[in-house]
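Residue numbers (the working numbering), protein chains in the order written: chain F, 953 to 1357; chain W, 953 to 1357.
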């Protein structure tokens, strides 16, 4: 049963929940830009995380998995750097991630296993760990409840703007807060979050429940977006719950907690797409009339990742034939003779009939910042799925052809 | 055993083999451009064809399948138009494809089931069949052995140039000729040719053998290329063998025939990639060290279709981390710790070690027209596969954002 949750949008991002502080510094990995952020909970927090499904896993992911296991799902602090992914860096990379973790633990005065680390940026570059260490030492002295936005800036790579949000979740048992920040904006694909997300809450919830909530919400949000069909080596979603609000997430309150978490993650996931490399629009691809949920998701992903679809979206060209062609090659049950394509509120194709005279109206909708597309697979099934994607522009090429130069 | 085949590259394209004539006209589907081609064999030829795996199948594909079945694999003539794909056009579209076929049969004086038809261009547009009919009537009067290049022009859509080739195949039993022409250049993906290819030969071979040869060669050539990961509704490869050379493809000669066919198809397949929308380079992605051939092919395709790989290729950026990241998400057995990336002759990454000092040399290789990349998956297996792809440029976006406007 759906709880009647009410939310209040508030400021403060990751430091909006009680008992969380943050800091951001420029430690020299990037040139003259914030490149290191700390998130610290005043007391040990329940911790859950989801990591990339890529078989090439960056060193910080390896360290985090081990720490979460050893700590029994408890964490005090997270350190994140941008500019270097510390991926494909072999044994030295692993040592560097461990050292990053140890310095953090020593500054925060907690066991090393209660620290988490994340890195994002160029793959294969060695992590300049001495810069990171100095940065952590400086940042740890400057933790406060007002550096949330600077922290969101410090984790950016090609992101056009910092992305954060926070909501107060009102429940029958009282209110608690969930905050979060994310970075995109290339290598974004469904099937594991494929970006970095840091979520905090002052609700009181054990780490098993926390993991259950995070896993289900990630599936509908961070796992349902795509910028470029890529899946990175470093993608991670972290969620810390420190209980400082005094509101305990009982079985009765759990649905409210999930609702609040979904609210935060959905906002951040769509913001990643909005801020996708070269993106000019947020596009929702909703596939209906599928035989199975798996088929619906698969078709929606194939369409969301199609170059021809993404370029048509960019050009505001209601070229519905491209949607049908991708649905046909997606490897799902598909009945072309009963398929439908709708852009905005305009049905362009149904029962093998096209209405070219409606294309101008569809194109007008496509010229907006948010585009809604519905593709019905025409099977007898009624399963559906939605994936959020963006258009593909020449700017994406420019960004990615010269990323390192 | 590999035959010691020798080839002589000759002019003439599809009309190089004895007994084939062609014609091209401007019938008015496109504005002031050749848009209709005929290929006619003087006598009934053995015919084989491979069609798209897309579940949305264009009307001409439906008609060709039926004709090949009814004729027992015999064909006299093919009509192809560009500018309109006659796909997603329902019952009227099927009727139009049949009418196109009937007019062709009537002009060539053969049974309708011995004609084949193909269309390429915009999906969903009704085929202006009266223009096609007049065009076929005019073209049938102008068939000759010198219109091969005009025919190759008439089948183009966004192709930057016409693509044709022909070889004389020298065998112990004598020589025969194989010619061909293709059109790309968007919606090109492995798993069925995903473009139109027309092949002719004056070798004498029955349609079952012809189909066997075409199927195996298509797999290594047209099914091993990708421009944009798309698979169209119309993709077809046609091969007509009219026996006019008098050279019979016996069991002893069959390997020579396959060799010759591979020579022609390989050239044409690579030409499609070279002429891919916005492409500036032909890139061979060779995946080695795979556990299975399927894994090798799957990884090679994932890499060949990756936006981050294709943009790095465009920027001549030897960003080997992107190759490793894609191999890691390709869903194949992969051992990052033993993986290798080589660009040209330069090993950039091996045994978790990178050599940044070699990148300048790799970048120099990437600046050329042809780029060779090898990715070893580091498993104990020794299976491998090669896929040909192109880089992704801003020009691709320009072409596809405004295709219909």
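Here a beta-carbon is modelled for each residue, glycine too, at the ideal position from N, C-alpha and C.
Mind checking whether residue i and residue j have CB atoms under 8 Å apart?
i                       : j                       : result
residue 1031 of chain W : residue 1038 of chain W : no
residue 1062 of chain F : residue 1029 of chain F : yes
residue 1155 of chain F : residue 1128 of chain F : yes
residue 1231 of chain F : residue 1343 of chain F : yes
residue 1177 of chain W : residue 1255 of chain W : no
residue 1236 of chain F : residue 1338 of chain F : yes
residue 967 of chain F  : residue 1011 of chain F : no
residue 1068 of chain W : residue 1019 of chain W : yes
residue 1036 of chain F : residue 1082 of chain F : no
residue 1331 of chain F : residue 1195 of chain F : no
residue 959 of chain F  : residue 1120 of chain F : yes
residue 969 of chain W  : residue 1130 of chain W : yes
residue 1225 of chain F : residue 1234 of chain F : yes
residue 1273 of chain F : residue 1075 of chain W : yes
residue 999 of chain F  : residue 975 of chain F  : no
residue 1227 of chain W : residue 1104 of chain W : no
residue 1132 of chain F : residue 1109 of chain F : no
residue 1317 of chain W : residue 1298 of chain W : yes
residue 1350 of chain W : residue 1346 of chain F : yes
residue 1276 of chain W : residue 1153 of chain F : no
residue 1064 of chain F : residue 1054 of chain F : yes
residue 1249 of chain F : residue 1283 of chain F : no
residue 1303 of chain W : residue 1294 of chain W : no
Contact defined as beta carbons within less than 8 Å: I believe residue i pairs with residue j. What is the distance between those atoms, to the nearest angstrom?
i                       : j                       : result
residue 1285 of chain W : residue 1257 of chain W : Residue 1285 of chain W to residue 1257 of chain W, Cβ: 20 Å. No contact.
residue 1115 of chain F : residue 1220 of chain F : 6 Å
residue 972 of chain F  : residue 1188 of chain F : With a Cβ gap of about 18 Å, residue 972 of chain F and residue 1188 of chain F do not count as contacting.
residue 1264 of chain F : residue 1353 of chain W : 7 Å
residue 1252 of chain F : residue 1261 of chain F : 11 Å between Cβ atoms; not a contact.
residue 988 of chain W  : residue 1088 of chain W : 7 Å
residue 899 of chain F  : residue 1157 of chain F : Lying before the first or after the last residue shown, residue 899 of chain F is absent from chain F, which here runs from 953 to 1357.
residue 1084 of chain F : residue 1033 of chain F : 6 Å
For residue i, count neighbouring C-beta atoms within 10 Å of its own C-beta (all shown protein chains included) and say buried if the count is 16 or more, exposed if not.
i                       : result
residue 1311 of chain W : buried
residue 1147 of chain F : buried
residue 1006 of chain F : buried
residue 1141 of chain F : Confidence is the limiting factor: at residue 1141 of chain F the pLDDT is only 45, short of 50, which leaves the residue's position unreliable and the question unanswerable from this model.
residue 956 of chain W  : exposed
residue 993 of chain W  : buried
residue 1093 of chain F : exposed
residue 1336 of chain W : buried
residue 1173 of chain F : buried
residue 1024 of chain W : exposed
residue 1296 of chain W : buried
residue 1246 of chain W : exposed
residue 983 of chain F  : exposed
residue 1150 of chain W : buried
residue 1135 of chain F : buried
residue 985 of chain W  : exposed
residue 1059 of chain W : buried
residue 1348 of chain F : buried
residue 1091 of chain W : buried
residue 1145 of chain F : Annotation note: pLDDT 31 at residue 1145 of chain F (below 50); position unreliable, no value reported.
residue 1113 of chain W : exposed
residue 1288 of chain W : buried
Please confirm whether residue i has its beta-carbon closer than 8 Å to some beta-carbon of chain C.
i                       : result
residue 1036 of chain W : Judged by its chain identifiers, the structure shown contains no chain C, and its protein chains are F and W.
**Request:** Residues of the segment 1332 to 1352 of chain F with a CB closer than 9 Å to any CB of chain W: list them in chain order, please.
**Result:** 1343, 1344, 1345, 1346, 1347, 1348, 1349, 1350, 1351 and 1352
**Message:** My parser needs the beta strand (DSSP E) runs of 3 or more residues fully inside the segment 1033 to 1075 of chain W; what are they?
**Reply:** 1067 to 1074
**Request:** Enumerate, from N- to C-terminal direction, the unbroken alpha helix (DSSP H) stretches of 4 or more residues contained entirely within the segment 973 to 1041 of chain F.
**Result:** 1011 to 1023
**Asked** Closer than 9 Å, Cβ to any Cβ of chain F: which residues of the segment 1073 to 1088 of chain W, in chain order?
**Response** 1074, 1075, 1076, 1077 and 1078
**Request:** With a floor of 3 residues, list each beta strand (DSSP E) that falls wholly inside the segment 1109 to 1194 of chain F, ordered by position along the chain.
**Result:** 1115 to 1123, 1126 to 1135, 1148 to 1153 and 1188 to 1193
**Item:** Contact list for the segment 1264 to 1290 of chain F against chain W, Cβ threshold 8 Å
**Value:** 1264, 1266, 1267, 1269, 1271, 1272, 1273, 1274, 1276, 1277, 1278, 1279, 1280, 1281, 1286, 1288 and 1289
**Request:** Return the chain-ordered ranges of every beta strand (DSSP E) run that is complete within the segment 1189 to 1272 of chain F and spans a minimum of 3 residues.
**Result:** 1234 to 1242
**Within 9 Å of chain W by C-beta, residues of the segment 1004 to 1034 of chain F in sequence order** = 1004, 1005, 1006, 1007, 1008 and 1009
**Under 9 Å (Cβ pairs) to chain F, residues found in the segment 1294 to 1310 of chain W** = 1300, 1301, 1303, 1304, 1305, 1306 and 1308
**Message:** Any C-beta of chain F within less than 8 Å: which residues of the segment 1048 to 1067 of chain W qualify?
**Reply:** none
**Request:** Could I get the ranges of all uninterrupted alpha helix (DSSP H) runs contained in the segment 1285 to 1330 of chain F, with 4 residues as the minimum, in chain order?
**Result:** 1311 to 1318
**Item:** Residues from the segment 1215 to 1244 of chain W in contact with chain F, defined by Cβ distance under 7 Å
**Value:** none
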